[in-house]
Amino acid sequence: MTNGDGGTRREPRLAAGSNGSIVVERCQVCDAADLAPVIFLGFLPPVNTMPLIGSRPQEQPMYPAQVLRCRACQRVQLGLVVDPALLFPPSYPYTSGTTKNLRDNFAALRAEVEALYPPAREDLVVDIGSNDGTLLGNFLATSQRVRGIEPTNAGRLANERGIPTLISFFGRPAVETVIREDGRARIVTATNVFAHVENIHAIVDGILELLAEDGLFISESHYLLSLVETLQYDTIYHEHLRYYSLTSLRNLLEMHGLEIIHARRIPTHGGSIRVYAARRGKYPVRESVAPILAAEARELTEGKLETFRRRVVQAKLELLALLRDLKGPGSRIYGIGAPSRASTLINYVGLDDNILDCVLEISGSYKIGKYVPGTLIPVLEESRLYRDQPEYALLLSWHIADELIPKLCANGFRGRFVVPLPVPCVMGSGQD
Ligand SMILES: [Zn+2]
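Per the numbering used here, the sequence shown starts with residue 69, numbered consecutively.
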């Protein structure tokens, strides 16, 4: 896709299609060269490379995970972009992952739109990366016309459910098809899309083209301030190219003539931000925007990011010390959950199969029967937890510890829990 602003912007060199990786020498958003290092987590294996249990360790790629901050536009970004073909090998199975939390969040988004910017019947709502159509189902139920754009098989599932979905990557051809068939959109949504796509300007150009004159663009992204506050360094891996603050999102959207008119912090994925934008001057800017920008000016300074880095290192040392003490008497420690973020935590902290006996996933997970990336830690079925009753369960989805602990106890686990972040600690099962 070409630039939409008259071509003054330089086309970035892309890792996509390179069968390799590209070192980020200049900011991917504003092209400035002044990139300050935030943290270096060492070399990490791709989170979807999981060899079968029993296979011998083979040569495999590891990519440097350095996080940089652009001093010009505040964008926090990974210092290396890896070709998506290497991150998503053909063996990578698609999983929908539409959990109850996400369904509730999308219903809440629909309710907020109704309260603040009620759409008319027959208005068109387009969701980019629409997955199985869960978000759009909320708008369909209130008589809007909807259209999803989704490259994976989840789009077929959506079509079967009656959510019209174009099976395609988001780009100029997809935009032209939707405009030809459905017209321009009153609302364009993109949840958890912005962090993953390499050529972000092409995406925003496409959104602008798709939006009606009075259209709203609503995005949700994992939020940098949440990441820093609660030490979620484990959400750093090569699929996540950028870490969003409202400030950096504003700077990006302003380059395209879009203005942020409303923003709200939401709890999904351990802390996200929902942002409404429109063409400049079309809507009043709500009071929600300024306090978030002010908080970021205070909390995301270079000094605060340096504190974040020190806290991450401290949490690593404390977790190792804690596990040393627990492991000493020969205790068994099982990990709970193998989300992508578990791979970063395990590899950065340096856990191996001598420390963590196994990691458990719920029955049906495609990860069962494989090793955690970069290790020989086997991923096994969760039923093992209740059968084996290990002394400790390490919560790798620690950001939902409050949900997990009662659930695992109710299901019959009698051991104790290790919560690795933000402050490593042991918690009782509630039965002792
Ligand atoms: Zn920049």
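Note that CB positions come from ideal geometry on N, CA and C, so glycine has one too.
**Study point:** Cβ-heavy atom distance, ALA104 to ligand 1, below 8 angstroms
**Key:** Answer for ALA104: no, Cβ out of range of ligand 1.
Point to revise | Whole-angstrom distance between VAL427 and TYR454, CA atom to CA atom | key: TYR454 and VAL427: Cα-Cα distance of roughly 13 angstroms.
Point to revise | Secondary structure of GLY274, DSSP reduced to three states | key: When DSSP states are grouped into helix, strand and coil, GLY274 belongs to the helix group.
Review point. From GLU266 to VAL97, what distance separates their C-alpha atoms?
Key: If I take the Cα positions, the gap works out to 10 angstroms.
Practice item. Whole angstroms is fine: what's the gap from VAL380's alpha carbon to GLU244's? Key: Their Cα atoms are separated by approximately 45 angstroms.
**Study point:** Proximity winner among MET118, ARG171, GLU190, LEU320, relative to LEU155 (alpha-carbon distances)
**Key:** Sorting MET118, ARG171, GLU190, LEU320 by C-alpha distance to the C-alpha of LEU155 places MET118 at the top.
Point to revise | Backbone secondary structure at THR375 - three-state DSSP | key: Helix at THR375.
Exercise for review: Please classify ALA263: does DSSP put it in a helix, a strand, or coil?
Suggested key: Three-state result, ALA263: coil.
Exercise for review: Measure from the alpha carbon of HIS264 to the alpha carbon of each residue in VAL357, LEU170, GLY197, LEU326, then state which is nearest.
Suggested key: Checking every option, the nearest Cα to that of HIS264 belongs to GLY197.
Review point. Measuring from the CB of VAL265, is there a heavy atom of ligand 1 at a distance below 8 angstroms?
Key: No, ligand 1 has no heavy atom inside 8 angstroms of this Cβ.
Review point. With 16 as the cutoff for other CB atoms within 10 Å, does LYS23 come out buried or exposed?
Key: Summary: the structure shown does not reach residue 23, with the chain confined to residues 69 through 500, and so no result is reported for it.
**Study point:** Nonlocal neighbours in the same chain, by C-beta distance under 8 angstroms from GLN457, ignoring five residues either side
**Key:** The residues are PHE481, ARG482, GLY483.
Review point. Is VAL92 near ligand 1, with its Cβ less than 8 angstroms from a heavy atom?
Key: Result no, Cβ not under 8 angstroms from ligand 1.
Check your understanding: What do you get for LYS438, buried or exposed, if any count of 16 or more other CB atoms within 10 angstroms of its CB means buried?
Key -> Answer is buried; the Cβ neighbour count reaches 16.
**Study point:** Range of the contiguous beta strand (DSSP E) that encloses GLU281
**Key:** Note, GLU281: beta strand (DSSP E), 279-290.
Check your understanding: Straight-line CA distance for CYS95 to GLU459?
Key -> Cα-Cα distance, rounded: 47 angstroms.
Check your understanding: In the DSSP assignment, what residue or residues form a beta bridge with GLN134?
Key -> GLN134 pairs with PHE108.
Check your understanding: For GLY403, which three-state DSSP category applies?
Key -> Looking at GLY403 - three-state DSSP - the assignment turns out to be strand.
Review point. Does ligand 1 have a heavy atom nearer than 8 angstroms to the CB of ARG143?
Key: Remark: the C-beta of ARG143 is in contact range of ligand 1, defined as less than 8 angstroms to any heavy atom.
Review point. Which class does ALA383 belong to by DSSP, given the choice of helix, strand or coil?
Key: Three-state DSSP puts ALA383 in a helix.
Check your understanding: Are the Cβ atoms of LEU112 and TYR305 separated by less than 9 angstroms?
Key -> Cβ atoms of LEU112 and TYR305: closer than 9 angstroms.
Check your understanding: Given a threshold of 16 other Cβ atoms within 10 Å of its Cβ, counted over all protein chains shown, does GLY405 qualify as buried or as exposed?
Key -> Buried, because 16 or more other Cβ atoms sit within 10 Å of the Cβ of GLY405.
Check your understanding: Quick one: what does DSSP say CYS493 is sitting in, helix, strand or coil?
Key -> Three-state result, CYS493: strand.
Exercise for review: May I ask you to report which of helix, strand or coil DSSP gives TYR185?
Suggested key: Assigned with DSSP and collapsed to three states, TYR185 falls in coil, not helix or strand.
**Study point:** LYS435, DSSP secondary structure in three states
**Key:** Reduced to three states, the DSSP call for LYS435 is coil.
Exercise for review: Counting only the same chain and skipping the five closest in sequence on each side, list residues whose C-beta sits under 6 angstroms from that of HIS337.
Suggested key: Excluding sequence neighbours, HIS337 sits near HIS290.
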